[in-house]
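A.B. asks:
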Amino acid sequence: MAEEWSSIKKLYEDMKKRIDSTTKVGQIPEEIRKQHKGFQEWDLVLSKHDHPSIIQILIDGRRECSRGVDIEEEEEEEEEEAAMPTLVYMAREKRPQYHHNFKAGALNSLVEIAGFDANGGPLYIGTGCFHRREALSGMKYKKDYKTDWTVKNDRKVEESTHVLEETCKVLASCSYEQNTQWGKEMGLKYGCPVEDVITGLAIQCRGWRSVYFNPERKGFLGVGPTTLLQALVQHKRWSEGDFQIFVSKYCPFVYGHGKIPLQLQISYCCYLLWAPCSLATLYYVTVPSLCINRGISLFPKLSSPWVLPFAYVILAKYGYSLGEFLWCGGTFQGWWNDQRMWLFKRTTSYFFGFTDNIFKVLGFSKSGFVVTAKVAEEDISLRYEKEVMEFGAPSPMFNILATLSLANLFSFVGALKMVIMDSKTRVLDLLALQTMLCGLVVLVNLPVYEGLFFRKDKGRMPTSIVYQSVVIAILAHIAALYQVTTSMKQRFH
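According to this note's numbering, the sequence shown is numbered sequentially starting from 14.
Written out as structure tokens, the structure reads:
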């Protein structure tokens with residue numbers, strides 16, 4: 014495995030060097046143009062945002078056998094291989110004067126190319142899901158709609174591979190979608206960082222229904238973020254895009270009214286409201302802990318019967334969550350890590366997604382598409398495999414995580430001190446739920462404390478963040494204690 018990984022890494026580095034050198038020179042080397050015929054028309058290479066399209070049919074499924082188009086005809090006639098579907102390499106055209114619409118534009122180009130395929134092509138494959146071609150093409154579902162899966166393509170090969178490639182190039186051009194319904198009523202919708210959610214909503218509002226299918230043999234293989242910061246940046250983009258949908262004309266309660274059931278509208282909002290829900294989470298991890306220092310109780314006393322509803326909600330919510338996670342094949346450690354990430358995302362990713370949306374509404378910023386990096390260095394990959402959390406890169410998100418973790422740690426230690434010094438257990442009765450909440454936050458943040466003070470590897474928390482978070486947490490703790498002292502003096506006077 015290590016040898017294969019090193020070999021792939023070397024190939025990747027070589028490819029990266031060739032791309033960088035080609036971009037710097039501004040012209041593709043002659044040997045590469047001869048090796049890959051798709052580059053034969055690339056006279057100049059200005060940038061990754063300014064280049065013509067490439068369409069190359071690697072396997073022509075219209076023939077009786079699968080044949081690579083670069084293989085000599087004599088060899089093709091001698092080889093008998095199992096039939097395979099058409100395989101096409103496509104790089105769409107990009108020009109500075111045309112918006113490329115990020116991933117949604119790339120996926121629509123694939124759908125457009127597949128629509129021209131004589132075989133009808135495979136169903137569109139998204140992130141862990143399948144879509145019917147008719148659904149992506151803007152067609153409304155009809156009750157008498159049926160698909161004849163027995164129909165085969167008996168059409169004879171009429172065009173040569175070269176002619177078909179040239180014909181398809183217009184579909185990958187920048188101007189093909191101009192003044193059309195692509196990106197609006199056809200294909201994936203443009204103008205939103207989460208094109209999959211808004212497209213899926215539109216498809217369901219046209220009458221199509223979805224089903225959940227989870228076979229024992231996994232149907233998809235993908236690559237996800239390998240560091241904490243990558244995951245947080247990805248969820249920041251998702252939460253920002255989801256909230257954009259909620260405050261737009263595509264809000265499920267408005268766009269889906271009368272088209273999809275109410276329970277489905279509510280289900281969408283569980284995700285679309287990720288961003289504003291961060292405010293409630295931030296309140297629960299800051300205000301109760303600071304109020305402990307002031308001796309202010311925000312929850313019922315432990316001896317009060319009103320504590321029972323809180324106890325029920327806590328036990329029912331987390332008991333059901335753990336049971337469901339285990340029933341789906343997970344482990345307790347996996348569930349606990351999921352709870353930790355839930356807190357991290359709500360206090361950083363979703364909060365930044367919410368503030369960015371507010372700035373956008375006020376006209377201070379514009380929406381962007383931040384590409385999530387999914388390739389990591391060797392030492393980072395090794396720490397990922399050992400399930401060691403990565404904090405090495407400086408980020409405002411880590412400032413928030415570190416500050417909140419330290420503030421709760423200081424308050425928890427202060428609460429324990431008050432409980433120990435109180436011989437009549439009045440403090441425990443008064444602040445029991447707040448102390449438990451504060452202790453739970455401390456327990457969740459154990460990896461953060463390790464990154465702040467105990468780790469020596471490159472994945473530890475940056476020194477600047479350590480100093481800043483410690484100072485801010487101490488100032489917040491002192492401010493809370495100062496308020497207590499002031500209020501006590503005023504009470505005695």
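The beta carbon of each residue, even a glycine, is placed where N, CA and C say it ideally should be.
Being a predicted model, the structure only gives us computed values, none of them experimental.
Runs of 4 residues minimum, wholly inside the segment 253-279: which ones carry the alpha helix (DSSP H) assignment?
C.D. replies: Counting whole runs of 4 or more residues, the segment 253-279 contains the alpha helix (DSSP H) stretches 265-268.
A.B. asks: Under three-state DSSP, which class holds M431?
C.D. replies: Working through the sequence shown from its first residue, we reach residue 431 at position 418. Helix.
A.B. asks: Just to confirm the assignment, what range does the beta strand (DSSP E) spanning Y203 have?
C.D. replies: Numbered from 1 along the sequence shown, position 190 holds the residue referred to as residue 203. Taken as a continuous stretch (DSSP letters only), Y203 belongs to no beta strand (DSSP E), as it is neither H nor E.
A.B. asks: Would you mind reading off the limits of the alpha helix (DSSP H) that contains L100?
C.D. replies: For the purposes of this step, residue 100 is taken as residue 87 along the sequence shown, with counting starting at 1. Segment 100-104 is the beta strand (DSSP E) holding L100; no alpha helix (DSSP H) there.
A.B. asks: Let's see if you can read the secondary structure: which residues bound the beta strand (DSSP E) around Q521?
C.D. replies: Missing from the structure shown is residue 521; the chain here goes from 14 to 506 and no further.
A.B. asks: How would you write the range of the alpha helix (DSSP H) that F372 sits in, first residue to last?
C.D. replies: Along the sequence shown, one-based indexing puts residue 372 at 359. Unbroken alpha helix (DSSP H) run through F372: 363-374.
A.B. asks: Once DSSP output is grouped into helix, strand and coil, what is the label at H144?
C.D. replies: Counting from one through the sequence shown, the residue named residue 144 turns up at place 131. Residue state, collapsed to three classes: strand.
A.B. asks: Given a cut-off of 8 Å, decide if E391 and T240 are closer than it, judged by their beta-carbon atoms.
C.D. replies: The count along the sequence shown starts at 1 and reaches residue 240 at position 227. The count along the sequence shown starts at 1 and reaches residue 391 at position 378. No. Outside cutoff.
A.B. asks: Could you work out which residue in S436, L311, L315, Q352 is closest to K330 when comparing CA atoms only?
C.D. replies: The residue labelled residue 330 in the question sits at position 317 within the sequence shown. Of the listed residues, the one whose Cα sits closest to K330 is Q352.
A.B. asks: Tell me whether the beta-carbon of M103 lies closer than 8 Å to the beta-carbon of I72.
C.D. replies: One-based indexing of the sequence shown puts residue 103 at position 90. One-based indexing of the sequence shown puts residue 72 at position 59. Taking 8 Å as the Cβ cut-off, M103 and I72 do not qualify as a contacting pair.
A.B. asks: Three or more C-beta pairs closer than 8 Å, one from the segment 278-290 and one from the segment 250-258: is that the case here?
C.D. replies: Flag = yes, the segment 278-290 and the segment 250-258 touch.
A.B. asks: Under the DSSP definition of a beta bridge, which residues are partnered with W195?
C.D. replies: In the sequence shown, counting from the first residue as 1, residue 195 sits at position 182. The partner list for W195 (beta bridge, DSSP) reads M199.
A.B. asks: Excluding the 5 residues preceding and the 5 following T360 in the sequence, name in chain order all residues of the same chain whose CB lies nearer than 8 Å to its CB.
C.D. replies: In the sequence shown, residue 360 corresponds to position 347, counting from 1. Within the same chain, T360 has close Cβ partners S291, T294, L295, V298, I413, L414, L417.
A.B. asks: For K29 and G235, what's the separation of their Cα atoms in angstroms?
C.D. replies: Sequence index remark: in the sequence shown, residue 29 carries index 16 (1-based). Sequence index remark: in the sequence shown, residue 235 carries index 222 (1-based). If you take the alpha carbons of K29 and G235, they lie about 22 Å apart.
A.B. asks: Only counting the same chain, and skipping five residues up and downstream in sequence, which positions put a Cβ closer than 6 Å to that of E90?
C.D. replies: On the sequence shown, position 77 is the one that residue 90 refers to. Only weak support exists for where E90 lies, its pLDDT of 47 falling under 50; the value from the coordinates is given anyway. For E90, where only same-chain residues beyond five positions count, there are no Cβ hits under 6 Å.
A.B. asks: Do you know offhand how far A486's Cα is from G118's?
C.D. replies: Residue 486 sits at position 473 when you count from the first residue of the sequence shown. Residue 118 sits at position 105 when you count from the first residue of the sequence shown. Taking the straight line joining both Cα atoms gives about 45 Å.
A.B. asks: Give every residue of the same chain whose Cβ lies closer than 6 Å to the Cβ of Y363, excluding the five residues on either side of it in the sequence, and list them in chain order.
C.D. replies: For the purposes of this step, residue 363 is identified with residue 350 of the sequence shown, where counting begins at 1. For Y363, where only same-chain residues beyond five positions count, the Cβ hits under 6 Å are S252, W287, A288, S291.
A.B. asks: Does the beta-carbon of P265 have 16 or more other beta-carbons within 10 angstroms, so that it is buried, or is it exposed?
C.D. replies: Mapped onto the sequence shown, residue 265 falls at position 252. It is buried - the Cβ of P265 has at least 16 other Cβ atoms within 10 Å.
A.B. asks: Assuming G405 and K249 form a contact by the criterion Cβ under 8 Å, report the distance between their Cβ atoms to the nearest whole angstrom.
C.D. replies: Walking along the sequence shown from the start, residue 405 turns up at place 392. Walking along the sequence shown from the start, residue 249 turns up at place 236. Actually they do not touch by this definition, with Cβ atoms about 19 Å apart.
A.B. asks: Applying the 10 Å Cβ sphere with the 16-neighbour rule, what's the burial state of C181?
C.D. replies: As a first step, residue 181 must be located in the sequence shown, where it is residue number 168. When all chains shown are included, C181 counts as buried.
A.B. asks: When the Cα atoms are used, what is the spatial distance from L149 to R230?
C.D. replies: The residue you call residue 149 lines up with position 136 of the sequence shown. The residue you call residue 230 lines up with position 217 of the sequence shown. One C-alpha to the other measures close to 27 Å.
A.B. asks: State the DSSP-derived secondary structure class of K107, mapped to helix, strand or coil.
C.D. replies: Counting from 1 along the sequence shown, the entry for residue 107 is found at position 94. Residue state, collapsed to three classes: strand.
A.B. asks: Taking 8 Å as the cut-off, decide whether the C-beta atoms of F338 and G347 are in contact.
C.D. replies: Along the sequence shown, read from residue 1 onward, the residue named residue 338 stands at position 325. Along the sequence shown, read from residue 1 onward, the residue named residue 347 stands at position 334. Yes, Cβ-Cβ distance for F338 and G347 is below 8 Å.
A.B. asks: Quick check on DSSP: helix, strand or coil for H490?
C.D. replies: What you label residue 490 is simply residue 477 of the sequence shown in a count that begins at 1. H490: helix per DSSP, three-state reduction.
A.B. asks: Does DSSP put H175 in a helix, a strand or coil?
C.D. replies: Taking the sequence shown and counting its residues from 1, one reaches residue 175 at position 162. Note: H175 maps to helix in three-state DSSP.
A.B. asks: Out of I273, Q110, I491, point me to the one whose CA is closest to C187's CA.
C.D. replies: The sequence position of residue 187 within the sequence shown is 174, counting from 1. Ranking the options by Cα distance to C187, first place goes to Q110.
A.B. asks: Touching or not, the segment 419-426 and the segment 298-314, by the rule of three or more beta carbon pairs under 8 Å?
C.D. replies: Output reads yes: the segment 298-314 touches the segment 419-426.
A.B. asks: What are the start and end residues of each continuous alpha helix (DSSP H) run of 4 or more residues lying completely inside the segment 280-327, in chain order?
C.D. replies: Entirely contained in the segment 280-327, the alpha helix (DSSP H) runs reaching 4 residues are, in chain order, 287-307.
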